[in-house]
Structure formats: C-alpha cells, structure tokens
Amino acid sequence: MTDAATARARFRRMAAMRAFDEACLEALRRKAIHGELHVGLGQEAIGAGMAESLRPEDAVVSTHRNHFHGLAKGVDRRALLAEICEREAGLCRGRGGHMHPFDPATNFSATGIVGASIPVALGYAHAFRLRGEAAVAVGVTGDGGSHTGGFHEALVMAGAANLPMVVLVENNALAISVQFDDVSPTETVSERAAAYSALGLHVDGTDVDAVAETFARAMDHARSGGGPVIVEATCHRFRGHFEGDPEGYRSKEERQRVRDNFDPLRLYRHRLAAAGVGEAEADAILAEEKSAMKALLAEVLEMPLPDPAGAMLYRFVEEARA
Amino acid sequence: MTDAATARARFRRMAAMRAFDEACLEALRRKAIHGELHVGLGQEAIGAGMAESLRPEDAVVSTHRNHFHGLAKGVDRRALLAEICEREAGLCRGRGGHMHPFDPATNFSATGIVGASIPVALGYAHAFRLRGEAAVAVGVTGDGGSHTGGFHEALVMAGAANLPMVVLVENNALAISVQFDDVSPTETVSERAAAYSALGLHVDGTDVDAVAETFARAMDHARSGGGPVIVEATCHRFRGHFEGDPEGYRSKEERQRVRDNFDPLRLYRHRLAAAGVGEAEADAILAEEKSAMKALLAEVLEMPLPDPAGAMLYRFVEEARA
Amino acid sequence: MSAVAERANDRLAMPLPATIAEAIALEMERDDTILCLGEDIGRAGGVFGTTTGLQERFGSARVVDTPIAEMGFAGMGVGLAQAGMRPLVEIMFVDFIGVCLEQVYNAAAKIPYMSGGRQRMPMVFKTAGGCIGSAAQHSQCLWGLFAHLPGMKVVAPCNPHDHKGLMAAALRSDDPVVFIEHKALLLRKGRDFRHHPDVPDGAYTLPLGEAAVVREGSDVTLATLSASVEHALAAAEELAGEGVSVEVIDLRSVVPLDADTVAASAGRTGRLLVVDEDYLSFGLSAELSLRVIDRLGLSGLRQVERLALPDVPIPAALSLEKAVVPGPELIADRLRQMAKGV
Amino acid sequence: MSAVAERANDRLAMPLPATIAEAIALEMERDDTILCLGEDIGRAGGVFGTTTGLQERFGSARVVDTPIAEMGFAGMGVGLAQAGMRPLVEIMFVDFIGVCLEQVYNAAAKIPYMSGGRQRMPMVFKTAGGCIGSAAQHSQCLWGLFAHLPGMKVVAPCNPHDHKGLMAAALRSDDPVVFIEHKALLLRKGRDFRHHPDVPDGAYTLPLGEAAVVREGSDVTLATLSASVEHALAAAEELAGEGVSVEVIDLRSVVPLDADTVAASAGRTGRLLVVDEDYLSFGLSAELSLRVIDRLGLSGLRQVERLALPDVPIPAALSLEKAVVPGPELIADRLRQMAKGV
Ligand SMILES: Cc1ncc(C[n+]2csc(CCOP(=O)(O)OP(=O)(O)O)c2C)c(N)n1
Ligand SMILES: Cc1ncc(C[n+]2csc(CCOP(=O)(O)OP(=O)(O)O)c2C)c(N)n1
Ligand SMILES: [Mg+2]
Ligand SMILES: [Mg+2]
C-alpha cells in the first residue's frame, strides 16, 4: 500500500499538472495562444507517475502533448507557461511555443512530428552510454506514434545495441479520430517489444501508483544495462485532440463516460483515503495548485510578447550570440 | 521427394537465373552498363523457388537486386536485359536501367531505395482486396531493408487490415558491409512477424525445394485470406555488394568458403540425382541456359542506345503520348 | 428568394472544405478507381472537413483511415497507381512530408520517366500548407520544395471555384499532382472570398498550369498564389486608394508555372513583385522572376522584387509571425515602396 | 626526390576520400565529442572510403555502423547534439534524404531557432551527390532542396584542399551543416584535380560561405560548384583557345551563398552563366542569378544564363545522361553561344 506521504505527493503532482493545463485553456480563452493547443487532461497519472523515477541527468523527448512530461522532468513551469503563451521570457523566447519546448538544462525537448521523438531519445541514450553515464533516455509517444517508421528504426537500434532507452507509449486509444483498435495489428503496443528484444510492460495509465511502479521498473531495467523498454500506459483523453476539435468521431456521451469513469485524480481518492489522506486535504491540494497556477498565469500574461524586430534572430549561432 | 520433372524445372530456373546475371557481368565488362550493378549470384534458389507459386495476376515489388525476381515474375528477359544494357528497346526504353525496371504487364517493379518496396507492395495488396481479386502482392527486401521504417509501416497496415501481402526477406546476412547480427535486435527477421500479427516463416534460401514449398505456403496463406506473411530466406551473396565493391569487409577466403559451401545449384545436384536426373543432364541444362543467354546478350548489344534527342521524353503523360 | 439566388446563397454559406469534398465525391462517382488514403479522412471527414461524407458514401475501402505511417501509405498509393487505381493520398499537413518524401519524389514523380512512359502514375498528394499559428513545424507551404523535384505538378488554388475545378483536374490527370490547400482558406466560407466564391454545381475541370489575372492594373504586376492572393487583393485595393494601380495574378500552380501570363503583364507595367508565403530563397520567387526576365530581357523591366517568408522557421509568437509571414500590410508596404521607385 | 617533394607527391597520389577521412580524424582527435554515424562507415570505412581507418582508431562507439534506418540515426544525431555531442551523420547518397528529411529540416535545422537560441545543433550531415551513372534514384545533387529550407548551411566543395578545410569548419560549426561530396570527385586522386590538389598536413579550416575565383577572365563570369568546377575549368580552357576569356567562380557553399563575389565579377564581365548539376528550376541557378541582378541592377548586366539539369529524372542510358547532365561540352557550347550574343 502507498504511504500517506507518497500518496499526497502523487496526488499533488497530478493536481499541479491538471491545474497547469487548465491554465493553458484559460490562456487560450484569453487569446494568449494563437496556434493549436493539445492538453493532456485525463492523462495526469502518467506524467505524475514518471516524475518520481526521472533523475536530473536523464532525458525526456516528448510529443505535441508534452506539458506533463516537461513538468515531470523538472522544467520550470513559469518558463514553460510563458513559452506556451508566446512570451519573450518563455523557455524559448516565444519562438517555439507549445509544441516545441527545448530545455537543455533539464534534458527536455519535444517535437510536433508524430514518432520523431523516439530517434532523438536514442541519441541521448547513445551519448549516455558513450560517456559512461548512468542516465536513461525516455522517448514519449502516443499510440499513434507507435505505427511510425521512426519508432521502429529507433527501437531496432536500441535493441541491437542494448541502449538505456525507455519508450513510453501513452495509449489513449485515439490518434486524433483514428481508433487504435482499427489500425493496430496487435492488441497492445507493448507486446511488440519482442521484435526489438526489448522488455515490454503494460500498465493502467489512469492509476498513478501503478504507473510510478512500472515506470520505475522500466527505468531501473534500462539504467542497469538491461536494454530498452517499451512501457505502454493506457489512458483516456478528456478533451478533443486539440482545442477546437469538433470531435465528430465520438459522441458527447462517450466523452462524458470517459470523464466519469477514468479520471485519474478522482480514481485516486480511494487510495488517498486508504492512506489516511482525507477528502478535505485532497480538496485543499487541488485548490492550492489551482490558485498557484492562476497566479502564475496572471503573471505570465503581464509579460511582454517578443519584439518583432528580433524575428530573424537565433537561426544561426552568430544570431544567438548577438 | 521432388519428382524428376519438378527437379529438372527448378534446376533449369536456377540455371537460367545464373546465366542471366553472368550475362550482366559480361555486359558490364563490355561497358554496356555504366552505372552500379548488383547481381544475385548465390541467391538463385530464392528466385527460382518463388517462381512456381507466382501467378500472372500477382505482383512483385523488388529491390536494387531485382533480376531474379523479375524473371520469376515472368518479365521478358530480352526486354529486361536490354534495359539493363541501357537500350531503347529495353523494358523502360533505357530510362530506368538495372535498378528501376517497371513492367505493368506482369505487375513487376522495383526501387533502388532500400525498404521502399514494401509500401508499394501494400498498395497492390489493397487494390487486389478492393477489386475482389484473389491475387497476392509480394514485397521483396534484403535483411538490411527489414530495419527500415517503411518495412514497419507497411506491415502495420497489412497486419491490421489482414491484406494479401507476402514480404520476402532475402537474408544474405549482409547489408553492403554491415552484418545482420551486428545491427538486428533479433536473431531472425521472421520472428518479428508477431509484432504485425503476421505469419513468420523461415527457410534455407539455398535450397530451392524448401523455398518453393515455403513460399507456396506463404502465398496460399495470403491468398486465402490469412493475412500477411514474412518469409525469411537465408542465403549468401557470392559477389561484392555491387560490381567493383572492394569487399574490404570480408576476406577472399570467406567469400570462397561461401561459394564452396552454399552454391544452390551445386547443392541441388544430389536432389537431382535422387530424382533420377543425372550429372550429364544437369550439365546440359547449365550449358543450354548459358548459351541461350550468350546469344541473347549478343543480340541486345546490337540494339541501339536511346537517341539523346529524346532525353526529355516521358516525364509527363503528354510526352509519353508524343 | 428565387431558387437560383437561394442556391447561390447556399454556396456562399458553404465552407471551402465542403466544396473540396464535393469535388472529390463527383470524381469518385465518375470513376471507381479513385480512392482516398490518409489520417482522419474517413470517420472524421478530415481535420478540416475536406473529405466529409466520403467514407459514408464510398465505404472504408475507398476512403481509408490510415495509421500515422506516411511512408507506408504514400508508398501504398504508388502501388495502387501501379495496380491501375487512382489514389488520392492525404498528407495532413505539408510539413510532415519529411517522413515520406521518398515515395513522392523518388517513386511517384520519377516512375513515369524511369519506366520510359510505360508506367503511368495517376496520383494526387493532397495536403494543407500555410500559417494559421502553430509555429515552425506546422505552418510551412513548401511548394518550392516539390517544384524543385521534377516529375510532379504542384497546384495551390486560392478560391472555391478553383479548388473544385483544379481538384477534379488533378484527379483526372495521369501525372502525379501535389495539391496544396491553405489552412487559412480552409477555415473560410464561400462568402469570405474576394475572388470567385461562386461555384458551379456539376463537375468541371480547370487546366493545370494557367494563371489568372484576378485584378487588372497598370502600375505594378503582383504575382502570387494560394492565400496570398487574398492578401494581395486587399493590398491592391488599399493602394488603389493611394493612386497606385496593381495588377494581381493568381498563378494557381507552381508546376507548370505560367510565366507567360506574368511576363505579358509585367511587360506592360514594367514592375514585378512576386509574393510567396513559402521561403524566400531557392524557391518560387526567384524562379518566376528570372523566367519573366528571360522573356522580357534585362531591359524589359524597371523593377523586380520579391516578398516572401525571409528564410526563417515560423515563430510561435504572433508578434513575430506577423513580422515574417507576408500579409496585407507587408504587401501594401512593399507596393508603396515600389511605386515610389523608378 | 626531396622530402617535401615526396610529401607533395604522396598528396597527389592520395584519393580524395583519404583526405576527407584525414580531416575528420584530425577533428575527432581535437574534440572527443565528435562521433560519426552511418551505414558502412566503420568496418568498411565508407563506400567511397571517406571514413577509412576511423573506426579502428576511435572505436565502434564513436564510429557507428548503423542499420539502414536513416530516420532513426538522423534523429539519433539530433539527440546526440542535444546531449552535448557533435555528431557527423552520413546519409550515404543524398538521394536517400527522402526517408529522413524530417529530422534534418524540421528538427536539426529548426531547433536552434525554435529554442530561441538556447539549444545549439552542432551537426554535420555528410552525404554524396552527383552523377556517375546509376540513374534517377542515385545521381541527384539536391543542394537546392536543402537550401530552400532555412536553418542549415549547405556546403559542396570541389577540390581536396577545400574538402579538408570545409569539413573541419563544418565539424567545428555550432550550426547544422549539410556537406555534399560529389561521387565523381570521390573517385579521384589529388593529381586528377585541376585546381588546388595541394593539401596542407595539419588541421585548418576555411570560412563557410566564401566563394573563390578559381580562374580569372574578362568576358563571361561562370559561377558553379562541386564537380562542375572541374568541367567549367575545362570548358574555360577550351574557350580561351577561341579567344573568349571566362572567369570561373567556385561558390563552395550554397548557404551561405556568396553572391557578392559573383556580382563583383559579373559587374566587370557583364555576362553571367550559372552552371548547376542540380535541377534547373526552383534552385540555385535562379536564386544566384537574381541575387546578382539585385546587386547590379537590371541594367548592370548584358546576359544572365543558366545551365543545369533540365528538370528531368536522370536517365540510365549514357547517351541520355550526357544530353542532360552539364559536362564540359555542354558548358563550352553555352559559353560560345553567350560570347556570340550582345
Ligand atoms: C508525421 C506526422 N503525421 C501526422 C501528424 C498530425 N498529428 C498530430 S498529433 C496526431 C495524432 C497523434 O496520436 P497519438 O500518437 O496517439 O498521440 P495523442 O494525440 O493521442 O496524444 C496526428 C495524426 C503529425 N504531427 N506528424
Ligand atoms: C534508404 C536507403 N539507404 C541506403 C541505401 C544504400 N544501399 C543500397 S543497397 C544497401 C544494402 C542493402 O542490404 P539488404 O537490404 O540486405 O540487401 P542486399 O544488398 O543484401 O541484397 C544499401 C545500404 C539505399 N539504397 N537506400
Ligand atoms: Mg493517442
Ligand atoms: Mg542483405
């Protein structure tokens, strides 16, 4: 059983992630974000579960739906939110935006191209091995990304070279509108691990305790020289693929059913209770995280947008020095 | 046991294929080919073994090392040799050359880009299904091609849709200089079939009887709605990757050892004997095929090269009509 | 309201994607070898709605929802074409071409030639380009990239009428055609277009490779395409108020490129501005400028200028995006400068 | 023979690939964050020998023989660069870029900008282009394709001296560099080069983006790069015998493009010919021509011409190949025509 301190911490992490993406939704409503926005609401247990076993020296390479992975890796949330809100003080001075955060300090990055994250993680894994560092590279992808050629090629190389790489597949059973069952040749992604001589693990991604445990096992395996691991965490996406998605592919009832039954924060309440954390405390945690994010958003929205005069800066190294 | 007629036919097919590629080598010596040339010498049992169960309506999409697959599919050997020798009367009027033969009449094509053949085969498979035809699409690749993203993506789709596709992997354990064992995460390619819910078959590709039987089984499986199959045929490449390959990556002795021990034609002699086909008859078959190809080559070398005035023709459909 | 007026009104209320879906449906009806492959094109009807209703109507074998496997299904398109079908392959955003360019430029575009004209390749790569936010990896146009690689036609229409006619032409063409929609236009309805919002009901085709003069003028020739035509028209209107008469030409396709129409105009006005939402360098703007110069001679023009995305990844922040993506203001500014010149 | 003469002689007998391998080795020695990834680069030392000896010397973790998985190892390079390494990624032939362009143009080339300058991307994509037979899928140059996509430098040297110095510069650069060798040059020894076969022993760098005047002349300016420099020099020699004086400029890189040097020359000669083994349209030749016109004004030149691969996949047959790939004869013919002109 999870002890109270751990349960509290896990719940707080999930609460912080939820509050973060809710702040993003608010930022969108306030027109501080003018492009596509993909939030992770409903998938908090995965981000929160992975956070515990990520060390500063590890790397995470994420996707278009990257906020929780960035927070899990320790990216500064002010800088991340400012980037998402297109501010000069953002992680990437407002150049990258929500889909393209880069944080060399925490070895965190992402890409908006599905499947393209895994080869990049492979590069970190090779660097770690080459330099004799006990770090692990985590490549995140959705279920959709598991069908891409890049996923295969990176796992072929990681498997053959036994590299310290964990591929985390957030299987929310949808790639925009396309259902995993309709396009996957296998029932799970993790069962394909054998094709790469990798370890395949499957976990309920709405259960933060299970994720924390499974992800820790994967990281240990990779860190201790066991080679690559595919961790598949099943989960549910609460909102549209992006904000504004008409979701013609699922009914309102279906979406509501998902929210009612698979909310990782709500589901965790009975674990909290079992660990002796009461409803009131849980509510307080939620409220605290929410108000912290509200304050942070207010702060961020006061920050200046990038000066158009600098639009051409940072392509090449001279411009970055300038 | 293989009966005499079958054994004779199989041996003749192998002999014809060997004679074909030897004619190509001769054409190269006579400077009728000015680009790279990849021959299949040593891999005749695969081409000959697949020929029997290929029907005219089936499709084959091959690689840079495509001659035997073309012959197996029934491509006219005069037109193919003329194409390889860059003649206007060639299969593709001398525009495609050895790596890029296209024969709509027999549903045969190839590509010089490793791994790119399998998605194209997938397209044929979908067309067959859509039109209710009982045809099978065969995508050929080397062991090297099995690591490409295109291989994965095409098999994902074929597996999910249960399409009539056979992926033939000619595993000669080398991709130019790179040894399969050094870069593959698995011992075989065929064991990766499970990742695509495909049937995986492994066969000794120096044994034409075994190939014929296994390939027939694969074709039947796909033709009868069983879904995709990966057939891995292990074999040996007798010559360099391309003509002129210095082969710094293997010793002369190693190459000689391969030729001495794994020559599919020589290995078949005892089967011929068992079936009652004597040495003299076998020798005669070899000699007949050789001299037929010699005569064909002489004919082809008399054919005119394409007229430079037509260098721009055939890009677009108007130019093809012109 | 009369029946005709009502019809016209319906058309004006119709989102551009519905017109595109209509064009595809009409062709699929005519020709049962046409089929569509792509992500989210079936059940969802396309992320912009350009294939709405097609799967219901033609079934999931002719309107295939694919996994995210562009190399796989682009190559599948090549195989389908070789098998006698006429595939339309949707690459959701043109930015994703980097995972499957192989099958587009080394296979589809080269096979007709490599086969000596014996293997036709009737294929449409349908995709969406252009900037509506979402930054560097989701905002590119890239028609210059396709145009550099021989063997394919490259079309980028600007209004409902042309989308319908050029899509039909692309689907009937025996050559591979890259059909690039602009996301900003896909968000519009017929009535939001300044030019040619009217769309006939039945099927019709427009020739691939003919530019259209969409506004006549005498002082400067402005050649452009796709969403920039709308921006150019807005800028031209503004300049008209300042006494500068701008002729606006919609190229409609990059390959074939109708330099003759542009040269005829620029020969009269003496001034050429090429506006391009794709990257400035090594692309459309230099090629067209030089082809016009070839036709008119170095002395046949007084000014040749170009305004395009200035070789920078598209920034996330709106303040930066506006500074680099040529919109009506940037175009008007440039026209003003040119009018002041020689 | 003196020791110095002997050394020079060794250099002249050295295949170009050995010089490239030497350049890489010197940099790998200086900087242990450099590592190489690619097919056949280790045990075989590269299909042309440009990495000969490196794996023996630096081990198989720094000189990695990869499977055929370009998307995988190009992306691996991006990750290595992010992890503080300086990867050289070999794409055997540039024609194969279609399977992995994604990681080159959407990742490596854009990340420095997308990160607001916070993530450097010191990476070299080393590849071979150019025609030596082998037809449409194995003969392209494609520098125009990379150049159109912002964020990377694009280098294509023409002689041993420049290969060594520019490779060193590429490996020391903090920006992504696409380094395109030419297969025909890779088959040569030092003494086969008309220009700069001499190579200093130690490490040295050349600036990225400076063209070189490799032959002075007064009647026509011919700008080109890579193997075409050799062809241009041969043609210029021939034309000299006919009384036409041709200035030949080796651009050395496409990005940055040294249009200033070309404009300075063309301003003197009044005639510009751009020769390009890459495809004619939407590429280098129009861009350079137009940048020169921008600098000199429309009246600053009498002739602007270009000779390039005429937008056709490269045919297999030698008879056809010679008709489309610009060699010395085609260049000389064009120069002759130009000299007859105004
Ligand atoms: C190569 C590529 N193809 C298509 C897209 C468009 N696209 C963006 S996200 C997405 C769905 C991704 O599904 P999944 O990997 O399951 O992640 P999820 O959105 O469910 O988190 C698609 C198709 C893309 N960005 N990149
Ligand atoms: C995508 C791609 N990468 C690299 C190459 C260069 N290349 C041509 S053949 C080959 C090796 C192929 O090995 P395999 O698939 O095992 O076929 P084999 O030559 O052994 O028949 C390589 C690397 C290519 N043609 N395409
Ligand atoms: Mg998903
Ligand atoms: Mg092989």
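Residue numbers (this note's numbering), protein chains in the order written: chain A, 1 to 322; chain B, 1001 to 1322; chain C, 2001 to 2342; chain D, 3001 to 3342.
Yeah, the Cβ is synthetic: ideal placement off N, Cα and C, and Gly gets one too.
For clarity, every value in this text was computed on a predicted model and none was experimentally measured.
Residue pairing by DSSP puts C/PHE2125 in a beta bridge opposite C/VAL2089 and C/VAL2178. DSSP places B/ILE1230 in no alpha helix (DSSP H) but in the uninterrupted beta strand (DSSP E) bounded by 1229–1234. Of the candidates B/PRO1308, B/GLY1144 and B/ASN1066, B/GLY1144 places its Cα closest to the Cα of B/GLU1232.
Annotation: C/VAL2177 has no Cβ neighbours in chain D at a cutoff of 9 Å; minimum Cβ distance is about 16 Å. Within the stretch 191–208 of chain A, contact with chain B at the beta-carbon level (separation under 7 Å) is assigned to ARG192, ALA194, ALA195, TYR196 and SER197. Inter-segment contact for the stretch 126–138 of chain A and the stretch 3119–3135 of chain D is absent: fewer than three beta-carbon pairs are separated by less than 8 Å.
Taking a 10 Å sphere around the C-beta of C/ASN2009, we find fewer than 16 other C-beta atoms and assign the residue as exposed. Minimum Cα-Cα distance from A/ARG217 among the listed residues A/GLU279, A/ASP3, A/VAL75 and A/VAL167 corresponds to A/VAL167. Contact between B/GLY1142 and B/GLU1170 holds: CB atoms are separated by about 5 Å, below the 8 Å threshold. Residues with their Cβ less than 6 Å from any non-hydrogen atom of ligand 3, running along the chain, are A/GLY142, A/ASP143, A/GLY144, A/ASN172, A/LEU174 and A/ALA175. Classified as buried, C/GLN2082 has 16 or more neighbouring CB atoms from the shown chains inside 10 Å of its CB.
Residue pairing of B/ASN1171 in beta bridges, as defined by DSSP: B/THR1234.
Bridge partners of B/THR1186 according to DSSP: none are assigned. A distance criterion of 7 Å places the beta-carbon of C/ILE2068 in contact range of ligand 1, judged by its closest non-hydrogen atom. The DSSP-derived three-state label of D/TYR3204 is coil. Here C/GLY2075 has GLN2103 as same chain residues with Cβ atoms under 6 Å from its own Cβ, once five neighbours each way along the sequence are excluded. With respect to chain B, the C-beta atom of C/TYR2113 has a partner C-beta closer than 8 Å. For B/SER1062, the enclosing beta strand (DSSP E) starts and ends at 1059–1062. Beta bridge pairing from DSSP links A/THR141 with A/VAL169. Rounded to whole angstroms, the separation of the alpha carbons of C/MET2167 and B/MET1165 is 32 Å.
Ranked by how close their Cα comes to the Cα of D/ALA3332, the residues D/LEU3222, D/LEU3301, D/GLY3300 and D/ALA3286 have D/LEU3222 in first place.
In chain order, THR1111, GLY1112, ILE1113 and ALA1116 make up the part of chain B whose C-beta sits under 9 Å from the C-beta of C/ASN2106. Secondary structure note for C/LEU2080: its alpha helix (DSSP H) is the uninterrupted segment 2070–2082. Sequence-ordered contacts of the stretch 1075–1094 of chain B with chain D read GLU1086 and GLY1094 [C-beta pairs closer than 7 Å]. Among the CB atoms of chain B, one or more fall inside 8 Å of the CB of C/ARG2120. Interface criterion met: the Cβ of A/PRO308 is under 8 Å from a Cβ in chain C.
Take D/LEU3149, set aside five residues on each side of it, and the residues of its chain with a beta-carbon closer than 7 Å to its own are TYR3105 and ALA3109, in chain order. By the Cβ neighbour-count rule, C/GLU2039 is buried, with 16 or more other Cβ atoms within 10 Å of its own.
The Cβ of B/GLY1145 sits no closer than 8 Å to any Cβ of chain A.
Note on geometry: alpha-carbon atoms of A/ALA7 and A/GLY278 lie some 11 Å from one another.
Collapsing the DSSP output to three states places C/ALA2308 in a strand.
Going by beta carbons, D/LEU3284 and D/ALA3184 fall outside the 8 Å limit. In the three-state scheme derived from DSSP, where H, G and I count as helix and E and B as strand, B/TYR1268 is classed as coil.
Here C/PRO2328 is actually not in contact with C/LEU2280; their C-beta atoms are around 18 Å apart, not less than 8 Å.
Taking 8 Å as the upper bound for CB-CB distance, C/LEU2307 and C/LEU2273 are in contact here, some 7 Å apart. One finds THR3066, PRO3067, ALA3069, GLY3072, PHE3073 and MET3076 in chain D with Cβ atoms closer than 8 Å to the Cβ of A/MET157, taken in chain order.
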